[in-house]
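>
Chains as they are written, first to last, in our numbering: chain A, 3 to 117; chain B, 65 to 176.
1) Give the secondary structure of residue 149 of chain B by DSSP, where H, G and I count as helix, E and B as strand, and everything else as coil.
2) Compare the C-beta of residue 92 of chain B against all C-beta atoms of chain A and say whether one is closer than 8 Å.
3) Helix, strand or coil for residue 28 of chain A? Go by DSSP, reduced to three states.
4) In angstroms, rounded to a whole number, what distance separates the CA positions of residue 146 of chain B and residue 60 of chain A?
5) Give me, in chain order, the residues of the same chain whose beta-carbon lies closer than 8 Å to that of residue 90 of chain B; leave out the 5 immediate sequence neighbours on both sides.
6) Compute the distance between the beta-carbons of residue 33 of chain A and residue 55 of chain A, then report whether it is under 8 Å.
7) Taking Cβ-Cβ distances shorter than 9 Å, what residues in chain A pair up with residue 109 of chain B?
8) Taking the beta strand (DSSP E) that residue 1 of chain A falls in, what are its first and last residues?
9) So which of B:105, B:81, B:109 has the shortest CA-CA distance to residue 137 of chain A?
10) What are the residues of the region 18-49 of chain A that lie near chain B, defined by any Cβ-Cβ distance shorter than 7 Å?
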């Protein structure tokens, strides 16, 4: 079965510190996209960052960046200078290989930010 | 504002009753999806649509049906609600799978 694995159910980080959330996946394709979504307590799902697999350069969006290791099928999210507003559930996702733009989501990592 | 809205935001219903959740978009996106979110499972696809009257099942489709008679509306129906269908339901839209989904704000459904 196609899977996206987030092995850390919960993590904590001190305010202003850096934290890395891990995600691994399986795929037989060479060209695909990967996503990180944030879900704050409001429940709204927010796209944080997107990575194109054929691009070697890691994606960056302000304090959020990814460590994309294609051969290892690893897609980690790094949050720098953590803020209280970063506290949320984070989900890793990728489209399925069926070609119908269906996404498979990981089980999520709950991030706590400590003041 | 938001190009996608879900209704209702919360609902409590009794076991055995039919329930319909509505998703409405103003983005004219081709693809629409229904997911359910449960602790420890992340988001799981129930059904999706790739055009008007074109729908297909996801990984957890048993007990659910959908309809899409217009580009902007995608309805999810629980024919006879069960307690196992207590969950948070999200609708999402996309024009292309390459750019991510836009999600609705979710519906918390409780079946008692």
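Where is the CB? At the ideal position from N, CA and C, for every residue including glycine. Since we're looking at a predicted model, the values are computed, not measured.
Here's the rundown:
1) Here residue 149 of chain B sits in helix by DSSP.
2) When Cβ-Cβ separations below 8 Å define contact, residue 92 of chain B makes no contact with chain A.
3) Note: residue 28 of chain A maps to coil in three-state DSSP.
4) Taking the straight line from one Cα to the other gives about 44 Å.
5) Non-local C-beta neighbours of residue 90 of chain B in its own chain, meaning closer than 8 Å and more than five positions away in sequence, comprise 67, 68, 136, ordered along the chain.
6) Taking C-beta atoms as the reference points, residue 33 of chain A and residue 55 of chain A count as a pair closer than 8 Å.
7) Within chain A, the residues near residue 109 of chain B are 98, 104, 105, 106, 107.
8) The displayed coordinates of chain A run from 3 to 117. Any statement about residue 1 of chain A would go beyond what the structure contains.
9) Any answer about residue 137 of chain A is impossible in this case: the structure gives chain A only from 3 up to 117.
10) The residues in question are 35, 37, 45, 46, 47, 49.
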